[in-house]
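Below: the structure, in structure tokens.
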Amino acid sequence: MSVRTLPLLFLNLGGEMLYILDQRLRAQNIPGDKARRDEWTEVDRKRVLHDIVLTMFNKSFIEELLKPQELYSKKALRTIYDRLAHASIMRLNQASMDKLYDLMTMALKYQVLLCPRPKDVLLVTYNHLDAIKGLIHDNPPLLHLVDETFRQLIEVYGCLSAGEFQLIRQTLLTFFQDLHIRVSIFLKDKVQNSNGRFVLPVTGPVPWGTEVPGLIRMFNSKGEEVRRVKFPHGGNYVIAPKEGSFEVYGDRVLKLGTNMYSVNRPMETHTSGTSKNLASQTQQSIAPNPLAKEELNFLARLMGGMEITKPSGSEPGFRLNLFTTDEEEEQAALTRPEELSHEVVNIQATQDQQRNQELARIMGEFEVKDQPRWSASKGDDLLAMMDEL
Amino acid sequence: MFRRERSIPLRGSAAALGNNLCVLHLPVCNLTHFGVVHGPSAQLLSVAPEGVPLAQRQLHAKEGPGLSSPLITQVHWCALPFRVLLVLTSHRGIQMYESDGSVMVYWHALDSRDASPDSTQAVFARGIASCGHFICVGMWSGRVLVFDIPLKGPNIVLSEELAAHPASVTDIASEPAQEPDCMADVVTADDSGLLCVWWSGPEFKLLTRIPGFGVPCNSVQLWKGIVAAGYGNGQVRLYEASTGALHVQINAHARAVCALDLAPGVGKLLSAAEDTFVHIWKLSKSRESGCTEVEHCHGECVPDTQLCGARFCDPSGSSFAVTGYDLTEILRFSSE
């Protein structure tokens, strides 16, 4: 509904993706001097994160992203993240990519739902950007790139009204409607119920700009207060202590959007039995046109700005598994419920004769390339030895 | 005081919109119709007294140029003196149907020329109310379209465009019963919190403007010359319609109010918000002072549910229904 939603959706989901990949790569980290040629090192981890951040915050890509436009479909957005995740030497199988995307989307759904006021979605975004800066703090040119995006966001969103933020939040919630995948961290922290729905607390601070409920004030025609009465409102709220900062640097106050994955936290998701509302979900996935022609045009334009640094011929692509073992990854791929399949669309550049040369070139980059022959080596042995996260 | 009644299952979950439940009570056949917006579709249900769903129908927003299936913003029954029409607003336009949703009698496309070429705003219609033989529908631009409805048939005519709102219209309400001294017939609300009170006629006349200071007003009702408004900061405020004077301010909710409803015969007001709570208030006008008084009657919590719609199900206000974001049922409560 709002045409200002895509940048917030993209950057927040991207932030969550970086949190997860960072945690997963750290967990498999082997000290550089002890590493075999096929094992993940600290250097590899940093390189993957830097490559992804470089691609995400590419100047012309961000410029294209910030233009007012309708939100893409889930399929289209998933295509962008597939591309982004493969912007470096890392490779993910379909099952791991699915799991990654599930974690990303459920985390953001939780953050948007629990935002005290609609404008706080911006604070969530800034929390993600602050953390991203932390991940690449040793790379000044990259830091500068992220700060540039920060400034552009402030320019675009700084003057939006509360009504426009309300519309943005509604648009985001529409995007996440009917997703009820259970996430281990959320279940353990009791922020998500076993039916996949999030807990909405009725305690704590009220949003900035809202009064604590429970008071009725009555006035006469002269505007003088004549009576005040308390009523039982049912919650246990307190006044908000202070407002978060919307500047490039500042205390955001809000914790939503900060990195909840420390090295030892679980990363499981449970996809079985969560989709009670099969009807509405299958209606989405049986849409006749997976990517409508117009959406394809927009996507191509957007992706045109996304410069992917391809790995050079001599370097292997290292596979990352988001599961504990390869067997688990295979099993997950087989048992994934139909309605949750995130089909990645393989776009054929030759389909439409009328597309111009440039568009065809960009679209050619969409195809998920076959994995290099040696890709399986880095991850396999190590993963087989790792304990469950 | 109120107990949970049997829920009515929905085919699609309710969308996170304001005023996302409409009810048409048909005392003659003892049926109640419910309408809920899911997204690109809306569902209409016919329900028997014990909450048993008898029939259902899905309506879709009419397609048009654009990126994806257009989303519906609101669905609402307009009970005119001589007929009942179902109105559906979306990102493409305004659709009007016979009350059971079986036949579309009118389609008004949003003029895409209204939006500037590099528009930074989404285009949609939102806010529906009937007044006399008119149906008023609000727009993203702040304009309110006034349609003249004939006794029967599809000969609906756009009679006027009201331009008084600087921000997107959120909700519109009309006075249920004509008060002798009262000129206020219709109140319109927008995203900036501004309320406009109108006198309806062959030409609508703006009577009062009540500013909202930037906090969106999501839902509005009109009762005996009193405007009741629900805001994005959780407040419910009551104003004198003719003068705009503030009569009552209620710190009612901890999150945005998403819906208000009125049981006009008994002066009961229902408020629902994203904080999971529903509250029922008793409104009265003191004869001596002329002041409006409010008394809290009842509060209900729907755990872990961001509410998006709420309506009384009968004129005495003894039963109500609510919808919530992601919820695939209509929850019902009754005090009888």
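Protein sequences, first through last, are from chains A and B.
The first sequence: position 175 = 175 (UniProt numbering), numbered continuously.
The second sequence: position 247 = 247 (UniProt numbering), numbered continuously.
For glycine and all other residues, C-beta sits at the position ideal for the given N, C-alpha and C.
Predicted model only: the values in this text are computed from it and were never measured.
- Taking 8 Å as the threshold, the shortest C-beta distance from residue 233 of chain A to chain B falls below it.
- Counting of Cβ neighbours within 10 angstroms places residue 58 of chain B among the exposed residues, the total staying below 16.
- With respect to residue 233 of chain B, residue 170 of chain B sits apart: the two C-beta atoms are not nearer than 8 Å.
- Contacts between residue 259 of chain B and chain A, judged by CB atoms closer than 9 Å, are missing: the closest CB pair is about 14 Å apart.
- 8 Å or more divides the Cβ of residue 269 of chain A from the Cβ of residue 235 of chain A.
- At a cut-off of 8 Å between beta carbons, residue 264 of chain B makes no contact with chain A.
- Between residue 182 of chain A and residue 166 of chain A, the C-beta spacing is not below 8 Å.
- Taking residue 249 of chain B as the centre and dropping the five residues before and after it, the same chain places the C-beta of 237 closer than 6 Å to its C-beta, in chain order.
- Here residue 265 of chain B has 315 as same chain residues with Cβ atoms under 6 Å from its own Cβ, once five neighbours each way along the sequence are excluded.
- Sixteen is the threshold: when 16 or more other Cβ atoms of the shown chains lie within 10 Å of the Cβ of residue 268 of chain B, as they do, the residue is buried.
- Residue pairing by DSSP puts residue 282 of chain B in a beta bridge opposite B/268, B/295.
- Taking 8 Å as the threshold, the shortest C-beta distance from residue 43 of chain B to chain A does not fall below it.
- Ranking A/215, A/241, A/222 by CA distance to the CA of residue 209 of chain A puts A/241 first.
- Not a single C-beta of chain B is nearer than 8 Å to the C-beta of residue 337 of chain A.
- Chain-order list of chain B residues neighbouring residue 220 of chain A: 289, 291, by C-beta distance under 7 Å.
- In terms of beta-carbon proximity, residue 216 of chain A lines the interface with chain B, with at least one pair separated by less than 8 Å.
- The stretch 188 to 200 of chain B makes contact with the stretch 221 to 232 of chain B; the number of CB pairs closer than 8 Å reaches 3 or more.
- Chain order gives the chain B residues near residue 162 of chain A as 191, 192, 193, 214, 215, 216, 232, 233, where near means a beta carbon separation below 9 Å.
- Contact between the stretch 3 to 14 of chain B and the stretch 42 to 60 of chain B is present, with at least three C-beta pairs closer than 8 Å.
- Within the stretch 87 to 157 of chain B, the runs of beta strand (DSSP E) that reach at least 3 residues and sit entirely inside it are, in chain order, 93 to 98, 104 to 109, 125 to 131, 134 to 139, 143 to 148.
- By the Cβ neighbour-count rule, residue 126 of chain B is buried, with 16 or more other Cβ atoms within 10 Å of its own.
- Straight-line spacing of the CA atoms in residue 78 of chain B and residue 70 of chain B works out to 23 Å.
- For residue 284 of chain B, the CB contacts under 7 Å within the same chain, skipping 5 residues up- and downstream, are 267, 293 in chain order.
- Legend: CB atoms of the stretch 81 to 100 of chain A lying less than 9 Å from CB atoms of chain B are not found in any residue.
- Following the DSSP letters along the chain, one finds residue 141 of chain A in no beta strand (DSSP E) but inside the alpha helix (DSSP H) bounded by residues 140 to 157.
- Residues of the stretch 120 to 148 of chain B whose Cβ lies closer than 8 Å to any Cβ of chain A, in chain order: 120, 121, 122, 124.
- Judged by DSSP in its simplified three-state form, residue 177 of chain A adopts coil rather than helix or strand.
- With a threshold of 16 other beta carbon atoms within 10 Å, residue 177 of chain B falls short and is exposed.
- Judged by DSSP in its simplified three-state form, residue 69 of chain A adopts coil rather than helix or strand.
- By the rule that beta-carbons nearer than 8 Å mark a contact, residue 76 of chain B does not touch chain A.
- Look at the stretch 301 to 320 of chain B: the residues with a C-beta under 8 Å from a C-beta of chain A are 301, 303, 304, 305, 306.
- One Cα belongs to residue 26 of chain B, the other to residue 32 of chain B, and the distance between them is close to 6 Å.
- Any Cβ of chain B closer than 8 Å to the Cβ of residue 237 of chain A would place that residue at the interface, and such an atom is present.
- Put simply, of B/3, B/37, B/20, B/15 the residue whose alpha carbon is nearest the alpha carbon of residue 261 of chain B is B/20.
- Along the length of the stretch 10 to 41 of chain B, whole alpha helix (DSSP H) runs at least 4 residues long do not occur.
- Annotated three-state conformation of residue 90 of chain A is strand, per DSSP.
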